[in-house]
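Read the structure below first, then the notes.
Chains as they are written, first to last, in the working numbering: chain P, 1048 to 1530; chain E, 3 to 148; chain C, 295 to 795.
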């Protein structure tokens, strides 16, 4: 053994370069700049002047600056976290920003004291906060104890939040989703989905062996023991309550889908998923029969043209927008998201952000956005699969599914593959709550992707298991005493 | 055909191309990771199992750490194996795999690193079953499972 | 009780389940990609041409709409920009039932509606052209519609009809090209398109009891009377129910007493010159013998008569660029006896009464098919759509239906020539004769019941062999066929054949 071989150099700690992230950001930045250039040039041409222009460079400069700042912070922190998540989120956020910059700023206006911000500026503000959250979680979160140990507290907080919306929420467009604290309003269901995942990850990781092993039989279905069915029924009931009280079909669908997917990850049993689907179908059928707004949604989905000037207006206009886009798109800024001051599709900046981008960037753009979502899903599930223990695996999988399933639900709704439900397209749509909640999810994923982070505590037997074991031991002792 | 419009369209197509170039770059990374993952079962060269622990924030007895070719130990959060024990230094010791053998090296810790209860000076060879002590945490080197 | 293996260790590893969930999501994304392709690729063109698409609505207001010209290039309709607003100008009032109108207020009708996307310029020729158009400053490439109509014939026909209500369809038998299509009364589409005058004028048209907005040639349903005997003859010959030589021995006697079918007495007696002679098929057409065709229809049977009608284009709208109404032999759905209530209805239908209702277009196609050896060509108004770069989408002549066997058509052709030129026929339809040209035809008098004057009908073609024009003429309440429709058709065919090509 030579001296050279035996001398171990110190493992380089902070800062740690992130070459892949940098390389990907180096693709994202010029792409978004090109997007801004075509958008501003188109807008100038529409006003009658043919000149290539980047317009006001402040918006893209600020956004890209924030993106690279997040990269710099992660680099300086020196953790071995995932390097694809940030660029992918950055690209989606940038596309959303391109759309919000293109729509009339008066669509959403919020005052902060003397400062009045329009749609584009607000979206930039929220994106900045979202990137800050991602960077902060990616740097600071090194232990999952605060999530792991207090799962019931989180669940209680979530239910409290839900009840607060039920009681105090404001009704907007017939859906009661908004909760206002002073001047700032938010949609708690966005945060609720993250809390739901934290609770489910804690609950399922502790009980998954029991859920997976012991079955009570009901006809052809092997069921988990009754007390373990309760969470499923509870989630189902909460989802129904959300639909009935909040009229928020999207959130209900999302919650239930996440629950079923995580249950499957925990137990690997199709029968549980089948049972959940039966509950889903039964619940949907009942809601269809009982609630007119659910029925309207389904009817529009089946034939939007039947009421093209009424309830189906939004959907029909969205399909026309897809058609106008074609394969190559109309070009950024050249589509028809608004005729005069009226958006060609109502709620284009929230529910139909994907459609508007699909019109202006064409089928190719649609594919790119879908693929970017798929990339987020792949990275998240990879982090889950490589996690050190079940809690982290379920947590990472759940957080990924929050983003992935939400994207599927809203894009499917936009393209009339499933009934339209009013939820946002992650990172594309306008909306502070949505951006921040999804940023929390990505930030946690980033933290979970660090393999150097403190190891999870050794598994504990679930409380019930400990009790049974104790009783058995006591029984053994009694038996010995008798014999 | 209008020159200005043609230019604008070229820019638009370049924008779309940028989106797909991003995806292409990501796909390359994903594939590389996939290949790395395929090699991974063999990549776990060994494992450290905690035999004795002071508790508190230090990893509990029974915890298992898979080992890379070079694994650093210590209280600092950037170590491969974080041993949050008051008696461990921030960057305490390193385990490295060279030429089919394991070597343990002290990284200038305050309380020293012990191999089978003997404080080490320079880098020493470690065998499977040997016990390494860092601060109050005792760990045993074991063969990689599978 | 030893610690044993905790159930924790026996739980299946999560990695495999995560992989499956990932695959499921991947499939979902794939399904989304396919679902979006449906709207953005496959149905994109159709969606962008939908009349309530905001882009189309915007183009309606500002885009220069393409012109419509007749077969010789004479402009029938074109767009002028009046103060930034597109205004449609129609050069011929006579062409209104073909062109329809285009108005920012009332929308579109006629060919303006059928070819809306092409006229606006949203519908491209080839996909590569559509792609290239993306790079043009204006996304619109308004096309020119070249019609098969000859404006001279169209105006002549309108002038011949004059103030009478009615319709004329002239068609080129060998190709299906519509040469003229007139509905009277008509309207002035330019006045509808005029934003100032439009609303008041449109309201007047709507309330007019003469329904000038109704295209009588394609959507007017008329009792055909004797012109339907051509159809009965073709159906009976084709099925073998009668031969050209078939005679009914009782027919001469029944001319005086009437022919009784199930208690209904078919009366005739309007051709006394045939006397006691029992007529064969040719003669029966020549003198338009009701009793002969009442008996023929019963002999043929409702089942076969109805089946022939359906095959000849009855019972369904005719595929055409303009909306068409479905002609009918009876008003009841197919069933026993072809849907005819009884043989009395069938017998009356055999000479074009009872519940038979036809459109002038269907009758013109019938005449054209007889001229064209039994084949009706698919009728069309638009010969070609032409784009500014010279590319064209031409309409190729296409067989639509075989209405009769060539032999049957030949027999009926001879008979129809006799009906115009024969010794006896001349008395009925002689006025349709084009001087110097062998002419064939059949007149009709559609009895409407009550005291009103009957509809005056004529269908025919000239020359008999290699016909260049087939016509159907109906004049509402025009009296007997011979009084109004027959001379009108004769003048029209003579005018057309006298035109330089």
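By construction, the Cβ of each residue, glycine as well, lies at the ideal position given by its N, Cα and C atoms. None of the values given here were measured: they were computed from a predicted structure.
On a CA-only basis, which of the options is nearest residue i? Give me that one, please.
i, options, result
"residue 510 of chain C", "C:382, C:785, C:787, C:769", "C:769"
"residue 643 of chain C", "C:308, C:590, C:611", "C:590"
"residue 1084 of chain P", "P:1242, P:1105, P:1420, P:1448", "P:1105"
"residue 766 of chain C", "C:782, C:442, C:361, C:368", "C:782"
"residue 762 of chain C", "C:543, C:661, C:696, C:700", "C:661"
"residue 16 of chain E", "P:1062, P:1077, P:1064, P:1068", "P:1077"
"residue 343 of chain C", "P:1149, P:1477, P:1373", "P:1373"
"residue 1304 of chain P", "P:1291, P:1294, P:1321", "P:1321"
"residue 760 of chain C", "C:723, C:687, C:704", "C:704"
"residue 1351 of chain P", "P:1394, P:1243, P:1467", "P:1467"
"residue 1136 of chain P", "P:1147, P:1117, P:1126, P:1122", "P:1117"
"residue 381 of chain C", "C:581, C:489, C:598, C:603", "C:489"
"residue 1448 of chain P", "P:1247, P:1133, P:1416, P:1329", "P:1247"
Is the distance from the Cβ of residue i to the Cβ of residue j below 7 Å?
i, j, result
"residue 534 of chain C", "residue 674 of chain C", "no"
"residue 1191 of chain P", "residue 1493 of chain P", "no"
"residue 409 of chain C", "residue 439 of chain C", "yes"
"residue 1311 of chain P", "residue 311 of chain C", "yes"
"residue 747 of chain C", "residue 771 of chain C", "yes"
"residue 451 of chain C", "residue 483 of chain C", "no"
"residue 1364 of chain P", "residue 1392 of chain P", "yes"
"residue 1150 of chain P", "residue 1166 of chain P", "yes"
"residue 86 of chain E", "residue 138 of chain E", "no"
"residue 536 of chain C", "residue 530 of chain C", "yes"
"residue 394 of chain C", "residue 405 of chain C", "yes"
"residue 82 of chain E", "residue 73 of chain E", "yes"
"residue 583 of chain C", "residue 573 of chain C", "yes"
"residue 752 of chain C", "residue 780 of chain C", "yes"
"residue 127 of chain E", "residue 53 of chain E", "no"
"residue 1157 of chain P", "residue 1138 of chain P", "no"
What residues in its chain sit with their C-beta under 8 Å from that of residue i, if we drop five residues either side in the sequence?
i, result
"residue 1490 of chain P", "1180, 1181, 1182, 1183, 1184, 1185, 1188"
"residue 778 of chain C", "458, 750, 769, 772"
"residue 118 of chain E", "132, 133"
Within a Cβ cutoff of 7 Å, which residues of the same chain sit near residue i, ignoring the five residues on either side of it in sequence?
i, result
"residue 1049 of chain P", "Low confidence applies to residue 1049 of chain P: its pLDDT is 39, below 50, so where it sits in the model is not reliable, and the reading given next is rough at best. Nothing meets the Cβ criterion."
"residue 618 of chain C", "512, 513, 611, 612, 653, 655"
"residue 1496 of chain P", "1128, 1129, 1430"
Where does the unbroken alpha helix (DSSP H) through residue i begin, and where does it stop?
i, result
"residue 1339 of chain P", "1339-1349"
"residue 1497 of chain P", "It is not in any alpha helix (DSSP H) - residue 1497 of chain P carries neither H nor E in the DSSP assignment."
"residue 368 of chain C", "Looking at the DSSP string, residue 368 of chain C is not in any alpha helix (DSSP H), and its letter there is neither H nor E."
"residue 657 of chain C", "654-665"
Please go through the same chain and pick out, in chain order, the residues whose beta-carbon is closer than 6 Å to the beta-carbon of residue i, but skip the five residues on each side of it.
i, result
"residue 107 of chain E", "96, 125"
"residue 1506 of chain P", "Confidence in residue 1506 of chain P is poor, its pLDDT being 49 and thus under 50, which makes the residue's placement too unreliable to answer from."
"residue 1319 of chain P", "1310"
"residue 672 of chain C", "470, 692, 694"
"residue 626 of chain C", "633"
So residue i is in the beta strand (DSSP E); what residue range does that whole segment cover?
i, result
"residue 67 of chain E", "66-69"
"residue 48 of chain E", "48-54"
"residue 149 of chain E", "Limits of chain E in this structure are 3 at one end and 148 at the other, which puts residue 149 of chain E out of reach."
"residue 1157 of chain P", "1157-1159"
"residue 789 of chain C", "Careful: residue 789 of chain C lies outside any beta strand (DSSP E), inside the alpha helix (DSSP H) at 779-792."
"residue 671 of chain C", "669-671"
At a CB-CB cut-off below 7 Å, which residues of chain C make contact with residue i?
i, result
"residue 1451 of chain P", "319"
List the residues of chain P that residue i touches, going by C-beta distances under 7 Å, in chain order.
i, result
"residue 27 of chain E", "1070, 1071, 1074"
For residue i, which residues in chain P fall below 8 Å Cβ to Cβ?
i, result
"residue 335 of chain C", "1373, 1374, 1410"
"residue 9 of chain E", "1099"
Can you name the residues of chain C whose CB is closer than 9 Å to the CB of residue i?
i, result
"residue 1093 of chain P", "What residue 1093 of chain P touches in chain C: nothing, since even the nearest Cβ is about 11 Å away."
Can you pull the chain E residues whose beta carbon is under 7 Å from the beta carbon of residue i, in chain order?
i, result
"residue 1081 of chain P", "13, 16, 17, 20"
Find the residues of chain E that neighbour residue i, judging by a C-beta separation of less than 8 Å, and give them in chain order.
i, result
"residue 1378 of chain P", "10, 11, 14"
Using a Cβ-Cβ cut-off of less than 9 Å, list which residues of the region 72-84 of chain E approach chain B; keep chain order. Of the chains in the structure shown, none is chain B; the protein chains are P, E and C.
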